[in-house]
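Everything on this sheet refers to the single structure shown next.
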Amino acid sequence: MEALEVRLEKHERNKRVIMVEIFLTSVFGSAIIYAICHISSVIGKCYLVHKTTKSNFSDEQTKALARMMSKDININIPK
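Numbering (our numbering), first residue to last: 41 to 119.
Following this line, the structure appears as structure tokens:
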């Protein structure tokens, strides 16, 4: 009977270890994906600023680009 209890305890411990490993792996993977997205966003914005400063855009075009790159984007899709 004691051997069975020891086996069950080991099994429960292994299940917990596996669950923690899965959780940590998913958190780490999500962090990597977020970092890649953030870095690509920053690089894209830097490229856009570089292009706008090198070319002769009008004030309206520059304002439109600034609105596109702002965080408060409101996209209205016509029905």
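Heads up, the beta-carbon is just placed ideally off N, CA and C, and yes, glycines get one too.
Because the structure is a prediction, the values reported are computed rather than measured.
Where does ASN54 sit, in a helix, a strand or coil, going by DSSP? helix
Under 8 Å between C-beta atoms of THR93 and LEU105: Contact: no.
MET108 versus VAL89, SER95 and ASN96, residue with shortest Cα-Cα distance: VAL89
Using 8 Å as the limit for Cβ to Cβ distance, is GLU100 near chain B? Note that chain B does not occur in the displayed structure, where there is just one protein chain.
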